[in-house]
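Numbering (my numbering), first residue to last: 28 to 174.
Beneath this line is the structure, given in structure tokens, with notes to follow.
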Amino acid sequence: MSGFIDLSKQMATIEELERQLNLKQLQINRLLTITQAINSNVSSSGLFDMYSSFLSWEMGVDRMALFFKKGNEWSCTASSGLEKIPAASSLKTQLETFTRLANLDGVDHPFFQQFDVVVPVRHKDTALAYAFIGGFSEDEDMYNKVQ
Numbered sequence: 028m029s030g031f032i033d034l035s036k037q038m039a040t041i042e043e044l045e046r047q048l049n050l051k052q053l054q055i056n057r058l059l060t061i062t063q064a065i066n067s068n069v070s071s072s073g074l075f076d077m078y079s080s081f082l083s084w085e086m087g088v089d090r091m092a093l094f095f096k097k098g099n100e101w102s103c104t105a106s107s108g109l110e111k112i113p114a115a116s117s118l119k120t121q122l123e124t125f126t127r128l129a130n131l132d133g134v135d136h137p138f139f140q141q142f143d144v145v146v147p148v149r150h151k152d153t154a155l156a157y158a159f160i161g162g163f164s165e166d167e168d169m170y171n172k173v174q
């Protein structure tokens, strides 16, 4: 009987690995689609929509805000799962404090408290964009999921 239990556990492990592999394949395919869209000069609003869709559908993200810098001005170019987004100009000082992928536990600003992780997009020392991601379930390893 213990052989049957061991076999059952192994089958469950294989099924879980297959599920994870299929999810990764979907994610890779979507990233390829986004890359091809960039190479085809799809508009920035089209790319932001694709990114938002990727995070919500393939990554299971409930809340997202993407701040993009155009010239010297920041704006929220894509978002999902949020009721109200403050003016980007009021967040400028706080935005520029984020220099690397970070967990947002303990951040004081109420807007940022809605999120779990910030992903800065930088070129050398210049911030180009910030993706704020939140709504992961408690049992998910959010850091590894967005890394």
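Note that CB positions come from ideal geometry on N, CA and C, so glycine has one too.
Limits of the beta strand (DSSP E) - the one that residue i falls within
{"i": "Gly161", "result": "153-161"}
{"i": "His150", "result": "144-150"}
Pairwise C-alpha distance: residue j and residue i
{"i": "Ser116", "j": "Asn99", "result": "10 Å"}
{"i": "Asp76", "j": "Glu42", "result": "32 Å"}
{"i": "Ala105", "j": "Arg90", "result": "11 Å"}
{"i": "Asn49", "j": "Thr40", "result": "14 Å"}
{"i": "Ser71", "j": "Gln63", "result": "13 Å"}
{"i": "Val145", "j": "Asn66", "result": "26 Å"}
{"i": "Pro147", "j": "Glu45", "result": "32 Å"}
{"i": "Leu34", "j": "Lys51", "result": "26 Å"}
{"i": "Ser150", "j": "Cys103", "result": "The sequence given here has His at residue 150, not Ser. Each residue's alpha carbon lies about 19 Å from the other."}
{"i": "Gln178", "j": "Ile32", "result": "Any answer about residue 178 is impossible in this case: the structure gives the chain only from 28 up to 174."}
{"i": "Gly30", "j": "Lys36", "result": "10 Å"}
{"i": "Trp107", "j": "Pro137", "result": "It is Ser, not Trp, that sits at residue 107 in the sequence shown. Whole-angstrom Cα-Cα distance: 17 Å."}
{"i": "Phe38", "j": "Gly133", "result": "The sequence as given places Met at residue 38; Phe does not occur at that position. Whole-angstrom Cα-Cα distance: 41 Å."}
{"i": "Arg126", "j": "Phe139", "result": "Rather than Arg, the amino acid found at residue 126 in this sequence is Thr. Thr126 and Phe139: Cα-Cα distance of roughly 15 Å."}
C-beta contact flag for residue i and residue j at 8 Å
{"i": "Trp101", "j": "Leu122", "result": "yes"}
{"i": "Ile112", "j": "Ala129", "result": "no"}
{"i": "Gln141", "j": "Leu118", "result": "no"}
{"i": "Ile160", "j": "Asp135", "result": "no"}
{"i": "Gly162", "j": "Val69", "result": "no"}
{"i": "Leu74", "j": "Ile61", "result": "yes"}
Residue i - containing alpha helix (DSSP H), residue span
{"i": "Lys126", "result": "Before going further, note that residue 126 is Thr rather than Lys in the sequence given. Here Thr126 belongs to no alpha helix (DSSP H), and DSSP marks it neither H nor E."}
Counting beta carbon pairs with one atom in the stretch 51-60 and one in the stretch 73-85, are three or more of them shorter than 8 Å? Yes, the stretch 73-85 touches the stretch 51-60.
Would you say the stretch 83-103 touches the stretch 148-160, given that touching needs at least three Cβ pairs under 8 Å? Verdict: yes, contact present.
Runs of beta strand (DSSP E) wholly within the stretch 53-115 (minimum 3 residues, chain order): Here the runs fully enclosed are 90-97, 100-107.
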